[in-house]
Structure formats: C-alpha cells, structure tokens
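Protein chains in written order, with my numbering: chain W, 12 to 323; chain H, 1095 to 1490; chain A, -1 to 326. Glycine included, C-beta positions come from ideal geometry on N, C-alpha and C. Here the structure is a predicted model, which is why all the values come from computation and not from measurement. Have a look at the structure below before the remarks.
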Amino acid sequence: MSRREHLRNLALIVVFGLALAVVPGTVSVYLRSFLMFTMMYVVLALSWNIISGFTGYTSFGHVAFYGIGAYACAILVADHGWHWIPTLLVGAVVAALVALAIGYPVLRLKGPYFAIAMLGAAEGTRVIATVWDSLTHGGLGISFPNVENSFPTYYAMLILMVLTIAVAYVVGHSRFGVRLNAIREDEGAAEALGVNTTRYKLAAFGLSAIFPAAAGGIQAYKVLYIDPPSVFFVQITIAMALMSMLGGKGTVVGPIVGAVLLYTIQELTWVNFPTAHLIAYGLFIIIVARFMPRGLMGFAIDRGWARKGMVH
Amino acid sequence: MTQRTVIGSLAAAVAAVFVLVGGPALAAETVLFGGAISQTGRYAEPAGRQVNAIKLWVDEVNQRGGLLGKKIELRLLDDKSDTQTSIKLYEKLITEDKVDVLLAPYSSGITEAVANVNERYHMPFVAYGAASTPIWEKGRKYIFSIVGIAEDYQKGAAHLAKQIGVKRAAIIGEDSLFPRQSGKGAADWAKKLGIEIVLQENYPQKQMDFTALLQKIKAAGAEAIFSNSYFADAAAQIRQMREQNLNVKLFAGTVGPGLPAFAEQLGPTAEYVLGFSQWEPLPDVLKHPGMKEFIASYEKRYGEKPNYHAGGAYGALQVTEAAIKKAGSFDKEKLREALASIDVRTIFGRYKVNAKGMNDHEGVTFQILKGERRVVWPEKWAETKAELPMPEWSKR
Amino acid sequence: MERSDVRSLYRLAGFLVCAYALPFVVGASNGNVHLTERWLAYLATVVLSGILQGGVYAMFAVGLTLIFGVMRIINAAHGEIVMMGAYLTWVSFFHLGVDPLLALLFTLPLAFLFGMVLQRVLLDGVVGQPELTGLLVTFGLGLAMIYTAELIFTTDFRTIPYAPATVQITSTIAVGQNKVISFAMAVAISAGVYLFLRFARQGKAIRATALNAEVAMVCGINVRGVYLITTGLAAALAVAGGALVSIQFGFNPETGVVYTLQAFAIVILGGRGNYVGALIGGLMLGVLEGLVSLMVPNGTAMVELAAYGLMIFVLLIRPSGLMGMKEA
Chain W
12 MSRREHLRNL ALIVVFGLAL AVVPGTVSVY LRSFLMFTMM YVVLALSWNI
62 ISGFTGYTSF GHVAFYGIGA YACAILVADH GWHWIPTLLV GAVVAALVAL
112 AIGYPVLRLK GPYFAIAMLG AAEGTRVIAT VWDSLTHGGL GISFPNVENS
162 FPTYYAMLIL MVLTIAVAYV VGHSRFGVRL NAIREDEGAA EALGVNTTRY
212 KLAAFGLSAI FPAAAGGIQA YKVLYIDPPS VFFVQITIAM ALMSMLGGKG
262 TVVGPIVGAV LLYTIQELTW VNFPTAHLIA YGLFIIIVAR FMPRGLMGFA
312 IDRGWARKGM VH
Chain H
1095 MTQRTVIGSL AAAVAAVFVL VGGPALAAET VLFGGAISQT GRYAEPAGRQ
1145 VNAIKLWVDE VNQRGGLLGK KIELRLLDDK SDTQTSIKLY EKLITEDKVD
1195 VLLAPYSSGI TEAVANVNER YHMPFVAYGA ASTPIWEKGR KYIFSIVGIA
1245 EDYQKGAAHL AKQIGVKRAA IIGEDSLFPR QSGKGAADWA KKLGIEIVLQ
1295 ENYPQKQMDF TALLQKIKAA GAEAIFSNSY FADAAAQIRQ MREQNLNVKL
1345 FAGTVGPGLP AFAEQLGPTA EYVLGFSQWE PLPDVLKHPG MKEFIASYEK
1395 RYGEKPNYHA GGAYGALQVT EAAIKKAGSF DKEKLREALA SIDVRTIFGR
1445 YKVNAKGMND HEGVTFQILK GERRVVWPEK WAETKAELPM PEWSKR
Chain A
-1 MERSDVRSLY RLAGFLVCAY ALPFVVGASN GNVHLTERWL AYLATVVLSG
49 ILQGGVYAMF AVGLTLIFGV MRIINAAHGE IVMMGAYLTW VSFFHLGVDP
99 LLALLFTLPL AFLFGMVLQR VLLDGVVGQP ELTGLLVTFG LGLAMIYTAE
149 LIFTTDFRTI PYAPATVQIT STIAVGQNKV ISFAMAVAIS AGVYLFLRFA
199 RQGKAIRATA LNAEVAMVCG INVRGVYLIT TGLAAALAVA GGALVSIQFG
249 FNPETGVVYT LQAFAIVILG GRGNYVGALI GGLMLGVLEG LVSLMVPNGT
299 AMVELAAYGL MIFVLLIRPS GLMGMKEA
C-alpha cells in the first residue's frame, strides 16, 4: 500500500473520531453511555486482537488487564484523592508490567496450554484482588465519590479508541505486524528465519494489555463502584474474542465491526427477552465460532468487497 | 472502503438505537414507574420475589383506580445482576423513558452504584434490596431505605448466644459487601455482649467445601458460629457440621435459613438453625396493618407465601404511594420531601427515616423448629422460646 | 522417555513437594500448626476429606481429559454437564422418588446419548480447528445450558439431603456418609472406565487415537466412531459427577463453572489425555486445597489461588503434566 493510502486511512480514523466528538452534545445521557461502552468494546476487541488475532496466541484471560486498570483507577481516586486521568496511565503501566511478567514464562506455552494458563492467570488476579484487602478492600468493593462523569468518560473513551485504532492500524501495517503474522502462520519457520519470536510476542502482549487497562479505568470512573467479580468477569474476555472473531480476527477493521455489531444487537435484544436473550447469545457464540471462523471480513474479502492487503 | 464500513455500521447502529429506544408514547392519564431489577444472574432468586411483589402492587393500585387519578404503567428492566448494565439502564429509565417514579434495584453492590445515578438526576427511591450502611453514609439525599441494616442481622443471634452463656464464637461469611457488613455488625454485638470472637474469616463466593474452615473453628474452641451467608454456603456449612460431627451450641445464618427451600431440602439437618428475617408472613405476630390481605393475594397469585424480599418491596411501594399522596403530585423534589418526612405504617412495618434516609426497621430472628421458621427474638414478637443450645448430632 | 522429559518430571516432583510443604511452613510461622493429638486429628480429617472430594472431582475431570486428549478440544461446558447431572438427579429424587444412585442407571445412558449428539452436531466440526473455536463453541454451549436451566428450574438453589449422617472413623475423626458413598461410587465408576480403556476394543481405539489420530486412522480405526464414544463417555462421567456432588452440595444453574475450573486444574496437573494422571491429579488437588485452607491465614480465600497457581506452575514446568504425553 502506498504512503498516500496510509495517510488517507489514518486521516479517516481521525475524521471518524471527530465525527463522534460532536455527537454527545446532541444525544441523551443514556445514548452517550451506550456509545461510550460500545467504544470500550472496540478498544477491548482490538487489543485482544493484537496478541490473539495477529500472533494466534489465544489469550483467554485478557480481562485481567481490564480489571487491573479498573482497580488502579478506583484505588488512586477513592483512597488517595488523585485526579482520575493520570490513574489511567498508572493502570496502563501496571497492566503492561504484569503482562510482561506473566507473558515471559507463559508465552512459551503453545495452543490450548497458553489459553488455559491465561484463564488461570485472570482468575488468579481476581482472587488476589479479593484477598489483598488492605489495598483493594476485598469483597467490599470500592465506591467513588459521586461526580458528573457522562461527558468526561465519553471523551476519554473516544480518545482511547482513536488511539487504539491508530496503533492497531500501524501495527497491522508495519514490519512488526508482518512478523507477528509470521508467528501465527509458522512460529518455527519464523524463528529459523532469524525472527526473535519471544521478543515480538512479548511486545505484542504488553501492547495489548495497555488499552484494556485504560478502558477498565474509564469504565470504573463511569460506574463509580467496582468489586472483584464485576471487573474480573470471564464473559468480558469471551466478548473480546467473540467480537474479534465475528468481525474477522487478525484484521484491523474486523474487531471494530464485530464490537459495534455485537454490542448493539445485545443492547436491542436483552431488555425485552431477559433469559431467552442469554440462551440466544450462547447459540450465537456457537454459530459464529463454528461457521464464521474468519468473520465478516473474511466473508467480504472472499467476495472482493474488501481488499486483503488493506486489512491483513 | 473498510473504514467507511465502520462509520457506516456505527451510524446505522446509532440510528437503530434512536428508533428502538425512542421511548414509549404515554397517554396523559398514566404515570410511569420504572426500575431495573435482576431477573437473570446471581441475584435472580431474591430479586425475582421483589418483582412479584411490585407487579402485585401495581395491579392492585390500578384496580383501585390508580394513583392521583392516573393508572400506573410499569417498566421493569433486567440488569443481569451486573453493575455496569444497571447504571446504564437507570440512565435509560431517567433520560430516555423519562419515568415519573423510580424503583430500586436489588443487592447492596448494585444499589451503591445506582445511588450515584439517581442522585445526579434528583430522582428519589426507597431501597428495598440493600441493607449495607455505607450507602447512606455519603450524604446522599435521594435514596431512602425501608429495611433494617446489615449490621443488625446477627443482633438477635448474639443476644441469644449471650443468654445461653456462650463465651467464644466464630464469625464466618462470604467476601462481598453485604455479608461483610453483617459480619462487622456481628463482631460489634458480640463485643458489646462480652462474647470473645476466636475466629473471623471470609470465604470466596461459590465456596462449597468448608471442611477445613470448620476444623479451624473447632480448633479455636468456638461454641457458636455466626455465619453471614446466603443459601448454598449456609446449607453446606450445616450439612458438613453434621457430617463431621461438629457440635456447637448455636449456629446462626443470615439470608439462607429464611428461604423456604432451606428447611424443605435439608430436612432434619436444618433443625435448630437460627436465621434472620427482615419480616415474616405472620400477621398475628407482627400485627402490621394489611398483612393478611397482602399475604393472601400474594399466595393466590404466586402459589407460595411471600418472603421478606417480597414484603420489603411491597412495603416500599406502599411508602411511595403514601408519599406521593402526601406530596399531591409526582414531582420528584416534592416526593423526596415527603419520603424524608413521612411517618407511615406498611405491611412491612413502620417507615420513618432519620436524617441519613435510613429507616429504623427491626427484623426478627427465627429458629427452624420441626421444619417451620418460628420467631424467637426480639421477645415482644417471640412465638416460642428458642431451643438452645442445639442438641448434639448424636443425640437427635 | 527422553532425558529432558525425565528431568522435567523431576523438576515437577520437586515443585510439588515444595507446594505441599508451603502451607505447613506458612502455617507454622503463623502459629497455625500444633503438634498435639487434637490438631493432628483436625489435619487427618481435612486430608481425608480432601481425598474423598478429590476422588469425585477426578472422576469427572477424566471426562475433560478424554475429550482434550482425543480431540484437542477444551470443553468449557464440562461443568455445565455436571450441573445437568445434578438437576437430573434432583428431578428423579424429588419428583420421581428415585434414589440418587439408582437414578444413575437411567441418567448415565441418557448422558451418553447427549454426548453423542453433542459430538455429531457440534464437536465434529471443531476437531482440527484452532483452540479458540473449540473454546468458544463449548463456552456458548455452556451459556445456552445455564440459561435453559434457569428457564426450567429458576435460579433457586437446590440440594439433595441424601445420607446426611456421619461416619465416625476414630473418636475424633469423622466424615460424611454421603462423602464416603460418593467416593466409593467414583472409585467404582473410575475403575470401570479404566478397565474399558485398557481392555475393551473401543477403549484401546480411544487410547490409540489420543496418541496419534492419523496413525490410528491408517490402522483402520474408525476415528469418527471413537470421537462419538469419547464424548459420550465424557458426558456420562460428568453427569455421574453431577449426581455425586448433588448429594453433597447446593447447586443452581450457575454453579457449573466452579467444576469446569476444578477439572481444568486437575487435567493440567495429571497430564493431557492421561486417565490415571487425572485421578492422581484430583486427589492431589483435593488434599492441597484442604491443607491451604486449614493452615494458611485467611486460608479459605487462598484455596482458589493455590489451585490456579498450581495449574500455571505445572504448565510452565512440564506442560504435559505428571503423566501426560509429550505434545507433538
């Protein structure tokens, strides 16, 4: 792809962001929240995709980083009186460090073993958040002082999302991204060609932990009360994977489409059909995973509606 | 093309949401009551009974001709027992659906989060599913409580323990907001009454094997156990005590023993267990006005006697009704004023809140005797004398 | 066995010794270890109870390890099948008045059938796909099962008061009758499955396919048939597990996930696809959890951490676990 095309695409991302920036003043608080959470899932799905879509290492415990971010924000704001914005950075840094510490040993594991280890790591993080009472107040949870947060969290999430899309785009089209794809296709061969796969995997893993942590922090500031089960919720990991897969994992656009689509469908259905909706959600997961492993983007590429090179 | 796809799909999504949640058109003679209560997920069981009571009350009011001449339209959403979903739904109810009167959610954790939302929009409600005091200690003005506080769940059991000469007790409980508050209360009451706490430990949600914890309790020499628990954990504890032949003088649960399934499914094992209830369907004992009628119509409609969750929700709505009548309108500020000052007797008991918005509700401690819950404390309501200490397992 | 393989086994053994010593060390430094006769009786009760518990967990973990070994699929709905077993038992006990153990006579064939249908409809298409596909498909299945159960049974907790009395082993050590019965049943069923895998033709075919599906196919084994039997067997084991936990604990539609995670840890500890490994893993995990809970301060909360920690460390030291096959 030419330099011009890249610039055009990045410009599109910015325009897309600006378009969303003028929206909130014109819609209701609820719709603003809805858009905010939709953007959050875009961030989560894209981040998950950086490690699991690009390299093929299925992180089945990515919610750990989201939870760490949420707790960093809650602890620093509620217990130490920080302004909430810097806590997002702290959460991101802590999550990245934790990702490197976990990833260094665990990324040696292949296939299902990595998936299970990450599941264990996420559940373990939840338990630590529960038993480390002096820091996290355990099962009591943490409550923030009440604030008007509708606009601030919307804009914070918007900026985070634009940033995540831009980073995912750059990664997807860089030599770094090419090497991550090489790891997915054949790790042994990539190694034989002199790619230091451990370093690349680790870098991708650390990068993929940053954005969910910031998103978790913003989310915590929006909800104003968190406890371990609500922020270390396994289904958040599932949603990341499912949204990526629905849109097309390993691409940049896929997870965005998947997140928007899935979150919207859920919002529209569950209000009216509480239990039935959840059964349908289970069946939907089965259908997507079973019959659309390459997602909507794969579908579009096969029919020539999207160009492969553009989306990886 | 691909980025445009994104914008396109997002725009479509936004448009779809606009169309679908545009809010129901309301006829002039109806008034909209709305809330989000867990109909699925971990709180569905107790919250479901509150939904029952709410629906019953709405139908009754509408049969009577409505409230201030308006029929009530009810909008109950499901928060999936999830905090994030819940606050989003309350924003929806307030800003999109523009409900006139807000109903409370279920559980202390979710109420803690939702209390910020309704506070911001000055929409008052009477909470019937949250008993943790911290919610009312943040200077909030638009949340009121009808139920007794979590810290008093073990008050009766502690007094009964004192009466039978218990000197050393253990406090255990699930590690989440509400059980921890009731555990804190149990410790305070024990201290006041001169009972030494020899072990205090929280266990994670979904814990099922208590063998080691029970052995620790035995090792610590506790004569009584105050268990701040729900159904599954309390049931597992008492069963495993029997299995391990561990005898104590007193075992007090909080929420679990009050559920009908506890005595039904555990049978003889559940005998002599103490439990706490905000309210019991005993019109002859509690003597609150209207109890008989409420119990009869609830039982007729749902095939079971109402438990305290149902009673609390119904009572809270009676309070709301009285406050609306007193205010003479559905105006949220006037309603808030009325809720803060009104003194009213409901099927659930008296409602008169203090400056923090908390009601001084007194619950009952009961004991399971021959498969029935019998009130044993406070004395003014006691149906029978508590049969304590519990007989040893081998002598039953 | 290769030398590196032997070495990693030694490392794993060393790690496990440390893992078991740790609760004692932590306990001793916190004054929770007392070498009195009374305290040793507590310890013995906890260890015994851990073994009884572990035996039951091991039995249904075998189901997970079979599917994992033969098809490389992690069945995230395993706990939900356990939950289904608990409800089947509950319905037959409270509504049909059938003894929970007798009920196995018709619930197990039913479960086997369920497993076979599951294999044909869902899992056949997942074999050979990346692990994410299997994980998501089975997770989706689990969700659908949870909420279908909520529709039918509501979220109220249930339990079966079966054999609730005590078995006094010494004057100070006692365990539950239901636990002893469950353990005995689990041992009997496990032994049956072991004999089947060891000596029956289909059993041998399952093991051969687990070792190498391609070679098995070349040798004329009907691999699809093997898949069918494997999942049928796995479902039957899970349902049997559900019956045995239903007479000990309370359950509702959402409790399955606890069992899924337990089974994961056991399978990892024992080794993928290894039957005996899963049994040993189950017992070891049961005992370790008891020790942690008894001696570590705030121990009950630490139990989960011990289980996940064990799982991760075993994966790192020796992904093939105690007795598993080396990953090709």
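Neighbourhood of residue i by C-beta, 6 Å cutoff - its chain only, sequence neighbours within 5 removed
{"i": "Ala110 (chain W)", "result": "Phe216, Gly217, Ala220"}
{"i": "Ala1421 (chain H)", "result": "Lys1428, Leu1429, Ala1432"}
{"i": "Arg1467 (chain H)", "result": "Phe1460"}
{"i": "Pro240 (chain W)", "result": "none"}
{"i": "Phe1238 (chain H)", "result": "Val1220, Leu1433, Val1447, Gly1451"}
Close-in-space but distant-in-sequence residues of the same chain around residue i (CB under 8 Å, 5 per side omitted)
{"i": "Ala132 (chain W)", "result": "Gly72, Ala75, Ile113, Val117"}
{"i": "Leu1120 (chain H)", "result": "Reliability of the predicted coordinates at Leu1120 (chain H) is poor, the pLDDT of 44 falling under 50, and the value obtained from them is presented with this limitation in mind. Correct list, in chain order: Leu1126, Glu1167."}
{"i": "Gly1117 (chain H)", "result": "Reliability of the predicted coordinates at Gly1117 (chain H) is poor, the pLDDT of 42 falling under 50, and no value is obtained from them."}
{"i": "Val1108 (chain H)", "result": "Low per-residue confidence applies at Val1108 (chain H): pLDDT is 49, beneath 50, and the placement is therefore not dependable enough to give any value."}
{"i": "Lys1446 (chain H)", "result": "Ile1436, Asp1437, Val1438, Asn1453, Asp1454"}
Buried or exposed (CB count within 10 angstroms, at least 16 for buried), residue i
{"i": "Phe310 (chain W)", "result": "exposed"}
{"i": "Ala184 (chain A)", "result": "buried"}
{"i": "Asn250 (chain A)", "result": "buried"}
{"i": "Gly190 (chain A)", "result": "exposed"}
{"i": "Pro107 (chain A)", "result": "exposed"}
Residue range of the unbroken beta strand (DSSP E) whose run includes residue i
{"i": "Leu1482 (chain H)", "result": "No beta strand (DSSP E) contains Leu1482 (chain H), which DSSP labels as neither H nor E."}
{"i": "Arg1468 (chain H)", "result": "1466 to 1471"}
{"i": "Arg1169 (chain H)", "result": "1165 to 1171"}
{"i": "Ser1371 (chain H)", "result": "1368 to 1371"}
{"i": "Thr1459 (chain H)", "result": "1458 to 1463"}
{"i": "Gly1267 (chain H)", "result": "1262 to 1268"}
Element boundaries [alpha helix (DSSP H), containing residue i]
{"i": "Glu302 (chain A)", "result": "297 to 315"}
{"i": "Phe1345 (chain H)", "result": "Taken as a continuous stretch (DSSP letters only), Phe1345 (chain H) belongs to no alpha helix (DSSP H), being part of the beta strand (DSSP E) at 1344 to 1346."}
{"i": "Arg9 (chain A)", "result": "1 to 27"}
{"i": "Glu202 (chain W)", "result": "198 to 203"}
{"i": "Ala126 (chain W)", "result": "122 to 142"}
{"i": "Thr170 (chain A)", "result": "Counting along the chain, Thr170 (chain A) falls outside any alpha helix (DSSP H), and DSSP gives it neither H nor E."}
{"i": "Gln200 (chain A)", "result": "199 to 209"}
{"i": "Ser1435 (chain H)", "result": "1426 to 1435"}
{"i": "Tyr40 (chain A)", "result": "35 to 69"}
{"i": "Tyr180 (chain W)", "result": "161 to 183"}
Within chain C, partners of residue i - CB distance below 8 Å
{"i": "Gly1203 (chain H)", "result": "Considering every chain present, this structure includes no chain C. Its protein chains are W, H and A."}
Sequence-distant residues of its chain with Cβ nearer than 7 Å to residue i (five each side left out)
{"i": "Pro35 (chain W)", "result": "Arg43, Phe162, Tyr165"}
{"i": "Ile296 (chain W)", "result": "Leu253"}
Chain H contact residues for residue i, given Cβ-Cβ distances below 7 Å
{"i": "Asp154 (chain A)", "result": "Glu1139, Ala1355"}
{"i": "Lys177 (chain A)", "result": "Glu1337"}
Chain W residues whose Cβ lies nearer than 8 Å to that of residue i
{"i": "Tyr1274 (chain H)", "result": "Here residue 1274 (chain H) turns out to be Arg, not Tyr, going by the sequence shown. Near Arg1274 (chain H) (Cβ distances below 8 Å), the residues of chain W are Gly149, Gly150, Leu151."}
Cross-chain neighbours of residue i in chain H, by beta carbon under 8 Å
{"i": "Glu159 (chain W)", "result": "Arg1214"}
{"i": "Thr2 (chain W)", "result": "The shown model of chain W, from 12 to 323, leaves out residue 2 (chain W), and the question about it has no answer."}
{"i": "Trp281 (chain W)", "result": "Asp1172, Lys1174"}
{"i": "Thr141 (chain W)", "result": "Asp1269, Pro1298"}
Listed by chain order, chain A residues near residue i by CB distance under 9 Å
{"i": "Tyr274 (chain W)", "result": "The premise fails here: Tyr274 (chain W) is roughly 17 Å from chain A at the closest Cβ pair, so nothing lies under 9 Å."}
Neighbour list for residue i in chain W, Cβ cutoff strictly below 7 Å
{"i": "Phe137 (chain A)", "result": "Ile249, Ile296"}
{"i": "Thr146 (chain A)", "result": "Ile290"}
Task: Against chain H: residues of the stretch 31 to 43 of chain W by CB proximity under 7 Å - done: Ser39, Val40, Tyr41, Leu42
Open item on the list: Using a Cβ-Cβ cutoff of 9 Å, what residues of the stretch 42 to 73 of chain A are near chain W? List them in chain order.
Closed with: Phe66, Arg70, Ile71, Ile72
Open item on the list: Can you pull out the residues from the stretch 1282 to 1298 of chain H whose beta carbon lies closer than 9 Å to at least one beta carbon of chain A?
Closed with: Glu1295, Asn1296, Tyr1297, Pro1298
TODO: With 9 Å as the C-beta to C-beta threshold (strictly closer), list the residues of the stretch 57 to 81 of chain W near chain A in chain order.
DONE: Ser63, Gly67, Thr69, Phe71
TODO: Taking only beta carbons into account, state which residues of the stretch 287 to 301 of chain A come closer than 7 Å to chain H, listed in chain order.
DONE: Gly288, Ser291, Leu292, Asn296, Gly297, Thr298, Ala299
TODO: With 8 Å as the C-beta to C-beta threshold (strictly closer), list the residues of the stretch 163 to 190 of chain W near chain H in chain order.
DONE: none
Task: Positions along the stretch 247 to 264 of chain A whose CB lies within less than 9 Å of some CB in chain H - done: Phe247, Gly248, Phe249, Asn250, Glu252, Thr253, Val255, Val256
- [ ] Compile a chain-ordered list of the residues in the stretch 98 to 116 of chain W whose CB is closer than 7 Å to at least one CB of chain H.
- [x] none
- [ ] Identify each residue in the stretch 12 to 34 of chain A for which the Cβ-Cβ distance to at least one residue of chain W is less than 7 Å, and report them in chain order.
- [x] none
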